[in-house]
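Right, one structure below, let's go through it.
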Amino acid sequence: MLGNFSYHNPTKLYFGENALDFLNEELKNYGKNVQLIYGGGSVKKTGIYDSVVAILKENGKEIFDDGGVMPNPTVEKLREGVRIARENKIDLLLAVGGGSCCDYAKAVSVSVHCDEDPWEKYYIRFEEPDCEIVPVGCILTMAGTGSEMNGGAVITNHGQKLKIGHVFSDDVMPKFSILNPKFTFSLPKRQMVSGIYDIFNHICEQYFSGDDDNTSDYLSEALMKSVIHSSYRAIEDPEDYEARSNIMWTATWALNTLISRGKTTDWMVHMLGQAVGAYTDATHGMTLAAVSLPYYRHILPYGLKKFVRFAEEVWGVCPDGRSDEEIASLGLERMEQWMKDIGVTMNITDLGASEEMIEGIADATIILDGGYKVLSRDEVVAILKESL
Ligand code: NZQ
Ligand code: ZN
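Residue numbers for the sequence shown follow the working numbering, so the first one is 109 and each next one is one higher.
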């Protein structure tokens with residue numbers, strides 16, 4: 109491993125069928141006022157909301173309801189959450205839901221005691237918090253983003269047609285996260301596979317960089333194989349606990365900073381996907397799936413060695429009698445077949461994007477330089493056109 113790094117992850121996890129029981133222990137560490145954050149209502153249908161409320165009441169907490177967090181939470185909702193937290197002197201932000209609720213809770217946490225506008229401060233100027241941070245806890249109901257064990261908080265500004273993620277430092281990460289794989293059983297198939305592709309792509313974003321022999325890459329290959337294997341089983345039987353638990357655990361490790369240690373990282377699929385999301389408000393994992401193959405086919409020649417390794421190690425491509433280019437391309441063909449098998453969206457047209465939006469989406473795409481090729485704006489446009 110060639111990079112120098114530090115590693116610390118402060119989030120305490122409780123995993124398994126009884127994980128929610130541990131909320132009782134955790135609540136002892138925080139004050140009385142709890143802002144209960146959830147989405148559009150799935151947690152009420154499944155009964156998870158009632159179970160959480162019962163535990164909060166048993167522990168003498170005052171509950172301040174903050175529902176209606178939308179997928180891809182908006183800056184307007186963020187400002188509303190900050191208002192609720194300020195008015196009620198909140199001691200704990202408790203998110204019950206998927207990545208959107210967890211991200212939103214983190215964005216609120218750094219904004220409650222901050223006088224400036226959070227969008228300008230954290231998402232335009234990318235400053236770090238210089239105020240008290242309200243603690244966050246998560247009860248996860250959807251596997252995918254890894255938000256339960258990282259500092260990421262993605263916020264969408266529809267007015268400015270921007271969707272931007274800020275990866276905050278350790279002190280913004282959830283203090284604890286409760287992961288019960290059974291809570292994900294009720295996810296609609298489309299959300300489940302979107303999450304699965306999100307996991308896979310998080311790993312790819314950290315895998316496709318660097319040329320050194322790096323333990324992080326071996327870990328990544330194992331995580332990719334696990335999620336591919338479990339994806340088929342979960343589609344066949346969404347209540348296959350073993351598959352759903354592996355998917356949930358893989359999601360956490362795919363983006364809790366472990367597999368990026370000692371490496372640069374790419375993240376261009378996410379930059380393209382987020383820009384598509386800013387224009388279409390489409391489901392996060394689907395935006396990634398829709399731009400992935402055009403992007404990877406474009407950068408393949410620049411990272412050929414890694415794409416050959418990916419084909420052989422992750423997709424089992426036999427190298428015998430094949431050139432490196434053939435092996436690498438076959439790897440992407442197998443990946444494409446898997447994407448079709450699980451049923452992710454394969455183009456941005458199906459997500460609501462059109463030819464006329466391409467220039468605007470390209471403008472909203474942040475170009476990063478950690479992968480095998482720094483894209484020019486023309487290349488971004490070409491990849492987006494290829495994704496239509
Ligand atoms: O809102 P409700 O009614 O709860 O329904 C949600 C939502 O419609 C539903 N859902 C969640 N759990 C369910 C369920 N439905 C039935 N049963 C359950 N158990 O699923 C829908 C999607 O939920 P959401 O939280 O939006 O999905 P996801 O976890 O994919 O989060 C997406 C957000 O996270 C950001 C994305 O950009 C997007 O804004 N990301 C955060 C990252 C991070 N923190 O590191 C990294 C990711 O790359 C990503 O960018
Ligand atoms: Zn993602």
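We put the CB at the ideal spot given by N, CA and C, even for glycine. Quick caveat: nothing in here was measured; it's all calculated off a predicted structure.
Continuous alpha helix (DSSP H) stretch holding K414: start and end
Looking at the DSSP string, the run of the alpha helix (DSSP H) that includes K414 is 412–421.
Can you confirm whether the segment 365–383 touches the segment 111–122 when touching is taken to mean that 3 or more C-beta pairs between the two stretches lie within less than 8 Å?
Counting Cβ pairs under 8 Å, three or more are found: they touch.
Report the three-state DSSP secondary structure of S208 (helix, strand or coil).
helix
Along the chain, where does the beta strand (DSSP E) that runs through I145 open and close?
141–146
For V161, the three-state DSSP class (helix, strand or coil)
In the structure shown, V161 sits in a helix (DSSP, three-state: H, G or I).
Let me make sure I understand the geometry here. Which of Q445, I469, E444 has the alpha-carbon closest to that of I456?
I469
Does the beta carbon of D306 fall short of 7 Å from some heavy atom of ligand 2?
Checking every heavy atom of ligand 2 against the Cβ of D306, one is found closer than 7 Å.
Would you report the Cα separation of M152 and S495, rounded to the nearest angstrom?
The question names Met, but residue 152 is Lys in the sequence shown. Going from the Cα of K152 to the Cα of S495 covers about 37 Å.
What are the start and end residues of the alpha helix (DSSP H) that includes I272?
Here I272 belongs to no alpha helix (DSSP H); instead the beta strand (DSSP E) covers 270–275.
Close beta carbons around F308, own chain, < 6 Å, minus the five adjacent residues each side:
V335
Could you check if T253 belongs to the surroundings of ligand 2, using beta carbon to heavy atom distance under 7 Å?
yes
Using only the alpha-carbon positions, how far apart do E313 and N196 sit?
40 Å
Between V244 and A203, which are expected to be in contact by the criterion C-beta below 8 Å, what is the C-beta distance as a whole number of angstroms?
7 Å
Can you find a heavy atom of ligand 1 that lies under 7 Å from the Cβ of C209?
yes
Do V190 and V142 come within 8 Å of each other at the CB atom, strictly closer than that value?
No, these two residues do not count as a Cβ contact at 8 Å.
Does the segment 430–442 come into contact with the segment 335–352, if we say contact requires no fewer than three beta-carbon pairs (one atom in each stretch) closer than 8 Å?
No contact exists between the segment 430–442 and the segment 335–352.
Are V242 and G260 closer than 8 Å when you measure CB to CB?
No, they are not a contact pair.
Please state the DSSP three-state secondary structure of T264.
strand
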